[in-house]
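Protein chains: 4
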Amino acid sequence: MSTRQPYQLVSREWKTEDTVFEINGVHIGRDRVMIAGPCAVENQEQICTITEFLSKLGIRFLRGGAYKPRTSPYSFQGLKTEGLILLREAADKYGMAVVSEIMSEDKISELVEYADILQVGTRNMQNYPLLRALGKAGKPILLKRGMSSTIEEWLLAAEYIVSSGNERVILCERGIRTFENATRNTLDIAAIPLVKSLSHLPVILDPSQGTGIRDLVPAVSKAAIAAGADGLIIEVHNQPKEALSDGDQSLYLDQFADMLPVLEEIAKLDNRRFGYTREKVRI
Amino acid sequence: MSTRQPYQLVSREWKTEDTVFEINGVHIGRDRVMIAGPCAVENQEQICTITEFLSKLGIRFLRGGAYKPRTSPYSFQGLKTEGLILLREAADKYGMAVVSEIMSEDKISELVEYADILQVGTRNMQNYPLLRALGKAGKPILLKRGMSSTIEEWLLAAEYIVSSGNERVILCERGIRTFENATRNTLDIAAIPLVKSLSHLPVILDPSQGTGIRDLVPAVSKAAIAAGADGLIIEVHNQPKEALSDGDQSLYLDQFADMLPVLEEIAKLDNRRFGYTREKVRI
Amino acid sequence: MSTRQPYQLVSREWKTEDTVFEINGVHIGRDRVMIAGPCAVENQEQICTITEFLSKLGIRFLRGGAYKPRTSPYSFQGLKTEGLILLREAADKYGMAVVSEIMSEDKISELVEYADILQVGTRNMQNYPLLRALGKAGKPILLKRGMSSTIEEWLLAAEYIVSSGNERVILCERGIRTFENATRNTLDIAAIPLVKSLSHLPVILDPSQGTGIRDLVPAVSKAAIAAGADGLIIEVHNQPKEALSDGDQSLYLDQFADMLPVLEEIAKLDNRRFGYTREKVRI
Amino acid sequence: MSTRQPYQLVSREWKTEDTVFEINGVHIGRDRVMIAGPCAVENQEQICTITEFLSKLGIRFLRGGAYKPRTSPYSFQGLKTEGLILLREAADKYGMAVVSEIMSEDKISELVEYADILQVGTRNMQNYPLLRALGKAGKPILLKRGMSSTIEEWLLAAEYIVSSGNERVILCERGIRTFENATRNTLDIAAIPLVKSLSHLPVILDPSQGTGIRDLVPAVSKAAIAAGADGLIIEVHNQPKEALSDGDQSLYLDQFADMLPVLEEIAKLDNRRFGYTREKVRI
Numbered sequence: 001m002s003t004r005q006p007y008q009l010v011s012r013e014w015k016t017e018d019t020v021f022e023i024n025g026v027h028i029g030r031d032r033v034m035i036a037g038p039c040a041v042e043n044q045e046q047i048c049t050i051t052e053f054l055s056k057l058g059i060r061f062l063r064g065g066a067y068k069p070r071t072s073p074y075s076f077q078g079l080k081t082e083g084l085i086l087l088r089e090a091a092d093k094y095g096m097a098v099v100s101e102i103m104s105e106d107k108i109s110e111l112v113e114y115a116d117i118l119q120v121g122t123r124n125m126q127n128y129p130l131l132r133a134l135g136k137a138g139k140p141i142l143l144k145r146g147m148s149s150t151i152e153e154w155l156l157a158a159e160y161i162v163s164s165g166n167e168r169v170i171l172c173e174r175g176i177r178t179f180e181n182a183t184r185n186t187l188d189i190a191a192i193p194l195v196k197s198l199s200h201l202p203v204i205l206d207p208s209q210g211t212g213i214r215d216l217v218p219a220v221s222k223a224a225i226a227a228g229a230d231g232l233i234i235e236v237h238n239q240p241k242e243a244l245s246d247g248d249q250s251l252y253l254d255q256f257a258d259m260l261p262v263l264e265e266i267a268k269l270d271n272r273r274f275g276y277t278r279e280k281v282r283i
Numbered sequence: 001m002s003t004r005q006p007y008q009l010v011s012r013e014w015k016t017e018d019t020v021f022e023i024n025g026v027h028i029g030r031d032r033v034m035i036a037g038p039c040a041v042e043n044q045e046q047i048c049t050i051t052e053f054l055s056k057l058g059i060r061f062l063r064g065g066a067y068k069p070r071t072s073p074y075s076f077q078g079l080k081t082e083g084l085i086l087l088r089e090a091a092d093k094y095g096m097a098v099v100s101e102i103m104s105e106d107k108i109s110e111l112v113e114y115a116d117i118l119q120v121g122t123r124n125m126q127n128y129p130l131l132r133a134l135g136k137a138g139k140p141i142l143l144k145r146g147m148s149s150t151i152e153e154w155l156l157a158a159e160y161i162v163s164s165g166n167e168r169v170i171l172c173e174r175g176i177r178t179f180e181n182a183t184r185n186t187l188d189i190a191a192i193p194l195v196k197s198l199s200h201l202p203v204i205l206d207p208s209q210g211t212g213i214r215d216l217v218p219a220v221s222k223a224a225i226a227a228g229a230d231g232l233i234i235e236v237h238n239q240p241k242e243a244l245s246d247g248d249q250s251l252y253l254d255q256f257a258d259m260l261p262v263l264e265e266i267a268k269l270d271n272r273r274f275g276y277t278r279e280k281v282r283i
Numbered sequence: 001m002s003t004r005q006p007y008q009l010v011s012r013e014w015k016t017e018d019t020v021f022e023i024n025g026v027h028i029g030r031d032r033v034m035i036a037g038p039c040a041v042e043n044q045e046q047i048c049t050i051t052e053f054l055s056k057l058g059i060r061f062l063r064g065g066a067y068k069p070r071t072s073p074y075s076f077q078g079l080k081t082e083g084l085i086l087l088r089e090a091a092d093k094y095g096m097a098v099v100s101e102i103m104s105e106d107k108i109s110e111l112v113e114y115a116d117i118l119q120v121g122t123r124n125m126q127n128y129p130l131l132r133a134l135g136k137a138g139k140p141i142l143l144k145r146g147m148s149s150t151i152e153e154w155l156l157a158a159e160y161i162v163s164s165g166n167e168r169v170i171l172c173e174r175g176i177r178t179f180e181n182a183t184r185n186t187l188d189i190a191a192i193p194l195v196k197s198l199s200h201l202p203v204i205l206d207p208s209q210g211t212g213i214r215d216l217v218p219a220v221s222k223a224a225i226a227a228g229a230d231g232l233i234i235e236v237h238n239q240p241k242e243a244l245s246d247g248d249q250s251l252y253l254d255q256f257a258d259m260l261p262v263l264e265e266i267a268k269l270d271n272r273r274f275g276y277t278r279e280k281v282r283i
Numbered sequence: 001m002s003t004r005q006p007y008q009l010v011s012r013e014w015k016t017e018d019t020v021f022e023i024n025g026v027h028i029g030r031d032r033v034m035i036a037g038p039c040a041v042e043n044q045e046q047i048c049t050i051t052e053f054l055s056k057l058g059i060r061f062l063r064g065g066a067y068k069p070r071t072s073p074y075s076f077q078g079l080k081t082e083g084l085i086l087l088r089e090a091a092d093k094y095g096m097a098v099v100s101e102i103m104s105e106d107k108i109s110e111l112v113e114y115a116d117i118l119q120v121g122t123r124n125m126q127n128y129p130l131l132r133a134l135g136k137a138g139k140p141i142l143l144k145r146g147m148s149s150t151i152e153e154w155l156l157a158a159e160y161i162v163s164s165g166n167e168r169v170i171l172c173e174r175g176i177r178t179f180e181n182a183t184r185n186t187l188d189i190a191a192i193p194l195v196k197s198l199s200h201l202p203v204i205l206d207p208s209q210g211t212g213i214r215d216l217v218p219a220v221s222k223a224a225i226a227a228g229a230d231g232l233i234i235e236v237h238n239q240p241k242e243a244l245s246d247g248d249q250s251l252y253l254d255q256f257a258d259m260l261p262v263l264e265e266i267a268k269l270d271n272r273r274f275g276y277t278r279e280k281v282r283i
């Protein structure tokens, strides 16, 4: 093990080249990846409307929560299995891959059945039995940074997964908790280049959770791509004001579409393209 | 539900009087409770030496980790089942109750077999499936505050347990994460009277995790009792410098014994006594 | 200079014994000191009512802001010179010493004329030209910790004053800024014993600024004395609800009087007494 | 005054259009501005070498500290008047404007003589007497965000200056203090679009102080421009490893030159250009 860092398998010292793996035609870690969708799956009409819209833009990754970790036991907790079924059906119809959150070990087999990437939320970043089990899940893992986790702790959480057998880990910066409450969290933009230098794993950014404010998402998304992020995960909704969760931070569909061209332009400056069907994006 | 607070069953509005429940002869929530022991069970000699010493002081609650959540996958992870067996044997020999950490749902039945109070660590405070399952565990739960959790989130985590059927929840302030790194965490001393005013649940404090520095533990323990805490949970070790985890914050046995009399004096000022066998304490 | 710490003159290594200096009959650093009064001097009636009340309790130190650093330029900024005159007159009438805030170098001579202890507020803790000038002021300085200052930075700020010629510095913990907004700041209780071990300077605590909530002040004051603080500085007001600033955190006069006896009891456990006229306290 | 915000003159509600003012041929608030130079002026050779290099790139604004606020009284405190003279001479020789820090009211007349923009450092953001005096200084002010200041407090600090008579204020995000210590501060990238929406004042970003790590500066600079920042202030040094202060975060001269073209490309995506002599940049 490195004498400098407490993590090993996830480090650049262990493996110099970027980790790249293909899902649904996109080479994550080499192409830029765009993951979009609602905070939570609410019903068939909602998820189908959003998915159809995203697919027309060429987006290949659909996010949607079925099991939702909510601060209050009395808040909407997600549609659970039904939500996963709706998500899978919508994704299959439009040729998209599914990203959804896993909250406990006993749901791994179900998530593996319905989703293509299993997301570990910020509250579970240090749920070590879960991380170990995900090392054997056979699916890529999107590992969100804990809301008060240092970069070292985050990489060590990834080390739990990788050392348990699964190298396909996508790190996701989603903002940390600070004294500033004008935004929901404080996005740590410097974490993008710093983690890219420390680790070979892909790093994406969540501007929706990171800011909590819809109108800040385009500017922050541009910043993330400019800083070298391997992609974005963004909450969009056909009716944000009626959303059952996180409506304030969900983009309107048109708002989402409008920001894609400039993101591509910024990506091109690094000679990197977004991994979606280009001809579709241009229609 | 209260219009003022998002939690209900744990609130003072729902239930005015303090929640009090008896374990091993101590009325938690009315008596002050002292929980002491090593960070982790390491071997039979260690746990027996410590337990014997504590029992002679009249201490009735033995803490000890068997399943340890560690930031690195390469750190000592605890003796697991073997640790629980050693802990139970030592406790039984000296008439003590056992407090140990639960990290995942699939270990609840094992913990229930060996421990009297199940501790939820700071990293799992928002592990909602675990909290719900603990609502049905039939044993008291010691719920540590998340390292970056607000008081409201902490009370809502307790609400998950209570609303799932288990009112015997002990809240434990253990320090929050701040910019200050002279101490391991920053103890939120005002949380003690504030939570006591918002909730009927007992609230204790962990000066060991809260400071990370052995020599600060006595002063902070006095502060907690003076502020009205319902008790303390303290790491002690017969050989702190050889401890497999958290040695720097573990008290020497004599250091622990030396601070008990003044804690009792402070408790008396509120007309409250520590719940241990008084005659033993005086030898 | 010490190889371990970046500060020198304020360190325990430089000077082993506690710094003790006498003001108005109280040996600060040996006796416990109680400083009380309104956030700001508002008018003659207010300051006289409060001062008379405090003097009957035996309190020897009157606080009151004349120059107030306010976040908004449109908030009440203090009565300035007029406030200092009112403060001095009230204090003289009742035999008390005056503590008031200094905000800029060009007011030092005025403050020196009217006050006995010059307070440096949290926003000026790193106003180095001011600190250097206060090293030559010839009056004791009460140096509040910056709201996001580490303990090391705080001691280095004191080093600026001491190395400029003034060893009579009282350090004051007043809470740090964290993500928790249930209280105005998060009091760092462990800072009391930690700073006492690192430095020979007296350390007091401000439970009013530290919590921002009147009803938490008694519990936190007890905690501070139990933790070994050399005193307290507390906001009291004859009509908190009409206060021009900080009313929510100001104690009612009776509330203040009620908490004194238990503070004395806690102080006695360390064989230390509060520095006020004992017979008066007992009436 | 607005019922929604506590600030008035700096708000978008008060004045819809961007504040734009010209200095040295650059329209700050409309053009993007690049300010570069060493942390501190150290000697004539250093400042001349750096200034010559920057001028060849077309940079129009030279930064350099003459009065340095240092955490320790024993650290290098700047060359003071001599530093200002060296800075002014170098700037004049190469046609550049000077940005330098003001620490106290009694130095304002001197700074006004030698500098074109007066910088208020993070430690003085709430030094209200200084802010008021700068409202009458007749020079533009670069107001750094306090290291633990909320956006609201920062805008209120600007309100102090503007309401005292000086509308030419440039806001500078320079990172806030958080628990994460992998970087010196945590840059709040979302503050850029958020403050631009709340206020008409120009907003720039300091990636050097914000990260504390040289190699992160290019990525973060790109992010800032992509997010809509009105410019950057960057520390560069001809010999960073020998720098008397902040060497770790100072760019090598070539490193600085290398990142300019891509910053310009990103700026162009918004139809905004950097305000420097373009032909020079291309040599």
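Protein chains in written order, with the numbering used here: chain F, 1 to 283; chain Y, 1 to 283; chain Z, 1 to 283; chain U, 1 to 283. No residue lacks a Cβ here, since even glycine has one placed at the ideal position from N, Cα and C. Keep in mind the model is a prediction, meaning the values are calculated, not measured.
Within 8 angstroms, strictly: CB atoms of residue i and residue j
i, j, result
"asparagine 166 of chain Y", "glycine 175 of chain Y", "no"
"serine 199 of chain F", "valine 10 of chain F", "yes"
"isoleucine 23 of chain U", "alanine 97 of chain U", "yes"
"alanine 190 of chain Z", "threonine 183 of chain Y", "yes"
"valine 217 of chain F", "glutamate 173 of chain F", "no"
"glutamate 265 of chain F", "leucine 269 of chain U", "yes"
"leucine 205 of chain F", "alanine 229 of chain F", "yes"
"proline 207 of chain U", "valine 220 of chain U", "yes"
Cβ of residue i within 8 angstroms of any chain Y Cβ
i, result
"threonine 19 of chain Z", "no"
"serine 109 of chain F", "no"
"serine 11 of chain F", "no"
Whole-angstrom C-beta distance between residue j and residue i, which should lie under 8 angstroms
i, j, result
"leucine 143 of chain U", "leucine 171 of chain U", "6 angstroms"
"proline 73 of chain U", "tyrosine 160 of chain Z", "5 angstroms"
"glutamate 309 of chain F", "glycine 146 of chain F", "For residue 309 of chain F there is no data in the structure shown, the boundaries of chain F being 1 and 283."
"glycine 37 of chain Z", "leucine 57 of chain Z", "Not really, about 12 angstroms apart at Cβ, beyond 8 angstroms."
"isoleucine 102 of chain Y", "valine 120 of chain Y", "6 angstroms"
Residue i to residue j span [Cα, whole Å]
i, j, result
"aspartate 246 of chain Y", "isoleucine 117 of chain Y", "21 angstroms"
"arginine 278 of chain U", "alanine 40 of chain F", "With a pLDDT of 46 at arginine 278 of chain U, under the threshold of 50, the modelled position of that residue is not reliable, and the figure given next carries that caveat. Going from the Cα of arginine 278 of chain U to the Cα of alanine 40 of chain F covers about 49 angstroms."
"isoleucine 59 of chain U", "glycine 83 of chain F", "56 angstroms"
"glycine 275 of chain F", "glycine 231 of chain F", "9 angstroms"
"leucine 187 of chain Y", "threonine 150 of chain Y", "13 angstroms"
"methionine 34 of chain F", "glycine 64 of chain F", "14 angstroms"
Within-8 angstroms CB hit, residue i to chain F
i, result
"leucine 244 of chain Y", "no"
Cross-strand partners of residue i (DSSP beta bridge)
i, result
"leucine 310 of chain F", "Because chain F in this structure spans residues 1 to 283, residue 310 of chain F falls outside the shown range and cannot be described."
"cysteine 48 of chain Y", "BP columns for cysteine 48 of chain Y are empty, so no partner."
Any non-hydrogen atom of the ligand ZN within 7 angstroms of residue i CB
i, result
"leucine 155 of chain F", "Ligands are entirely absent from the displayed structure, and the ligand ZN is therefore not among its contents."
Residues within the stretch 173 to 190 of chain Y neighbouring chain B, beta-carbon criterion of under 8 angstroms: Here chain B cannot be found, since the structure's protein chains are F, Y, Z and U.
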